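Notes to accompany the following structure.
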Amino acid sequence: MTSPDTLPAPTGTVPAVPAGRELRLCRRTALGRVLRMTRFELGMIVRQRVAVLSIVLAPAIAVGMALVDRPDAPGPWMVMLSSMTVLVLVVAVYNTVTSTVVARRETQVLKRLRTSELVPRQMLVALALPYVIVGVLQVVVVAVAYQLLGAPALLTAGFVAVVLATAVLAVLGGFATAGLAATSERVQFAVLPVLLVGLVAAIFVLNPGAPDAYRALALLLPFAASSDLAHRALGATGETVLAPAFVTDLADRVGVSTSGLMVVAEVVLVLGWCAAFALAARRTWRWEPRG
Numbered sequence: 004m005t006s007p008d009t010l011p012a013p014t015g016t017v018p019a020v021p022a023g024r025e026l027r028l029c030r031r032t033a034l035g036r037v038l039r040m041t042r043f044e045l046g047m048i049v050r051q052r053v054a055v056l057s058i059v060l061a062p063a064i065a066v067g068m069a070l071v072d073r074p075d076a077p078g079p080w081m082v083m084l085s086s087m088t089v090l091v092l093v094v095a096v097y098n099t100v101t102s103t104v105v106a107r108r109e110t111q112v113l114k115r116l117r118t119s120e121l122v123p124r125q126m127l128v129a130l131a132l133p134y135v136i137v138g139v140l141q142v143v144v145v146a147v148a149y150q151l152l153g154a155p156a157l158l159t160a161g162f163v164a165v166v167l168a169t170a171v172l173a174v175l176g177g178f179a180t181a182g183l184a185a186t187s188e189r190v191q192f193a194v195l196p197v198l199l200v201g202l203v204a205a206i207f208v209l210n211p212g213a214p215d216a217y218r219a220l221a222l223l224l225p226f227a228a229s230s231d232l233a234h235r236a237l238g239a240t241g242e243t244v245l246a247p248a249f250v251t252d253l254a255d256r257v258g259v260s261t262s263g264l265m266v267v268a269e270v271v272l273v274l275g276w277c278a279a280f281a282l283a284a285r286r287t288w289r290w291e292p293r294g
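If you count the sequence shown from 1, you need to add 3 to reach the numbering used here.
So, in structure tokens, the structure goes:
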């Protein structure tokens, strides 16, 4: 039996955790915090009357337009779903995110959250993720409703990817616009330019009666490229598919298809607007009310 004199002296140290395991624990903990905050935000959406109204009203308008003017061919259904996708995401995601951020800032909720266990980047992800999820689900509901009204099967993997990217774009746009609105009363004035320009451009680029040159210029506006990308992802063909002459000539010289070159250009435009909104949000973001 070992005597007390022969027992090893306590060192007062805790066994070291392997570096790889520690990193996994940190990542798991960070993910858990973000998911808990995301669930909290989803619950808060239901309690906001303006958010619920926007989330319900946007798909209702999209379905109502199909009921009033029901297309009788696959092409018009694709045009309608592409343009209505932008309408749903701009009204229900962009507008709602802007209003939510400004309201949280006014009530100093954002300031209090900074003292929580979440770092700022995690807070923004947790704040944005519910609206991205809601936006994608809204478009899926509209697509299913269109199919019940007689449209062909419109949900494709490419289309869902475009919807997801557009939802992220709408969230970043909301973050950027929130920095321009000092109070909740000014939110509607702040969102109006992007909302109107985005909706008009998204519809205009799919108008086969407009000159291709003007339609190509409209692609430079926010959410316009998303509308045309969604249209292409649905498998659209014919006059509604934008193919400017200068893009066709460039594609012939490079040896690629016009459609492929347009997709690449539009993806770059969407990513460019995401970067522009993110940069604007970083410069204008405030955790506390002005003044």
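Don't be surprised by glycine CBs; every beta carbon is placed ideally from N, CA and C.
From a predicted model like this one, the values you see are computed outputs, not experimental measurements.
Looking only at its own chain, which residues have a Cβ that is under 7 Å from the Cβ of residue i, when we skip the five neighbours before and after it?
i: Ala-69; result: Met-83, Tyr-149, Leu-152
i: Ala-65; result: Met-87, Leu-90, Val-91, Val-145
i: Ala-154; result: Trp-80
i: Thr-41; result: Ala-129, Leu-132, Pro-133
i: Ala-213; result: Phe-207
i: Glu-109; result: Thr-186, Ser-187, Pro-292
i: Val-174; result: Val-96, Val-100, Ala-131, Tyr-134, Val-135
Could you compute how far the alpha carbon of residue i sits from the alpha carbon of residue j?
i: Val-163; j: Tyr-134; result: 15 Å
i: Leu-224; j: Arg-117; result: 34 Å
i: Leu-34; j: Ile-48; result: 21 Å
i: Ala-95; j: Ala-246; result: 30 Å
i: Tyr-217; j: Ala-179; result: 27 Å
i: Leu-26; j: Arg-285; result: Because the pLDDT of Leu-26 is 44, which lies under 50, any placement of that residue in the model is unreliable, and the number read from its coordinates should be weighed accordingly. Each residue's alpha carbon lies about 28 Å from the other.
i: Val-203; j: Ala-61; result: 16 Å
i: Gly-258; j: Asp-72; result: 41 Å
i: Asn-210; j: Thr-261; result: 18 Å
i: Arg-39; j: Leu-132; result: 12 Å
i: Gly-46; j: Phe-192; result: 27 Å
i: Ala-63; j: Gln-51; result: 18 Å
i: Pro-74; j: Val-244; result: 17 Å
i: Ile-136; j: Tyr-97; result: 13 Å
i: Arg-256; j: Phe-249; result: 11 Å
i: Val-128; j: Val-37; result: 7 Å
i: Leu-130; j: Ala-268; result: 30 Å
i: Arg-189; j: Val-93; result: 18 Å
i: Gly-238; j: Gln-111; result: 47 Å
i: Leu-140; j: Ala-76; result: 25 Å
i: Trp-290; j: Ala-156; result: 44 Å
i: Ala-184; j: Val-271; result: 28 Å
i: Asp-252; j: Leu-199; result: 33 Å
i: His-234; j: Gln-125; result: 33 Å
i: Leu-195; j: Val-104; result: 16 Å
i: Gly-78; j: Thr-240; result: 8 Å
i: Leu-222; j: Ala-278; result: 16 Å
i: Ser-119; j: Gly-67; result: 43 Å
DSSP state of residue i, grouped into three classes?
i: Val-137; result: helix
i: Ala-173; result: helix
i: Ala-236; result: helix
i: Asp-75; result: coil
i: Glu-109; result: helix
i: Ala-156; result: coil
i: Leu-92; result: helix
i: Thr-184; result: In the sequence under discussion, the amino acid at residue 184 is Ala, which differs from the Thr named in the question. Note: Ala-184 maps to coil in three-state DSSP.
i: Gln-150; result: helix
i: Val-259; result: coil
i: Arg-289; result: coil
i: Arg-297; result: Only positions 4 to 294 of the chain appear in the structure, and residue 297 is not among them; the question remains open.
i: Phe-226; result: coil
i: Thr-41; result: helix
i: Gly-212; result: coil
i: Ala-246; result: coil
i: Thr-118; result: coil
Return the chain-ordered list of same chain residues with a C-beta closer than 6 Å to the C-beta of residue i, the five sequence neighbours on each side being excluded.
i: Ala-205; result: Ser-86, Val-89, Phe-226, Ala-227, Ser-230
i: Arg-107; result: Leu-113
i: Ala-283; result: Ala-179
i: Pro-123; result: none
i: Val-142; result: Thr-88, Val-91, Val-166
i: Gly-182; result: Thr-287, Trp-288
i: Phe-43; result: none
Contact check, residue i vs residue j under 8 Å by CB: the rounded distance?
i: Trp-276; j: Leu-172; result: 6 Å
i: Val-273; j: Ala-168; result: 6 Å
i: Phe-280; j: Gly-176; result: 5 Å
i: Val-266; j: Leu-232; result: 7 Å
Short of 8 Å in beta carbon distance, which residues of its chain neighbour residue i, apart from the five on each side in sequence? Order them along the chain.
i: Val-53; result: Thr-99, Ser-102
i: Ala-236; result: Thr-159, Gly-161, Phe-162, Ala-164, Val-165
i: Ala-254; result: Ser-260, Thr-261, Gly-263, Leu-264
i: Asp-215; result: Leu-245, Ala-246, Pro-247, Ala-248
i: Ser-57; result: Val-94, Ala-95, Asn-98, Thr-99
Let me see if you follow: with CB-CB separation under 9 Å, is residue i close to chain B or not?
i: Gln-125; result: Protein chains in the displayed structure number just one, and chain B is not present.
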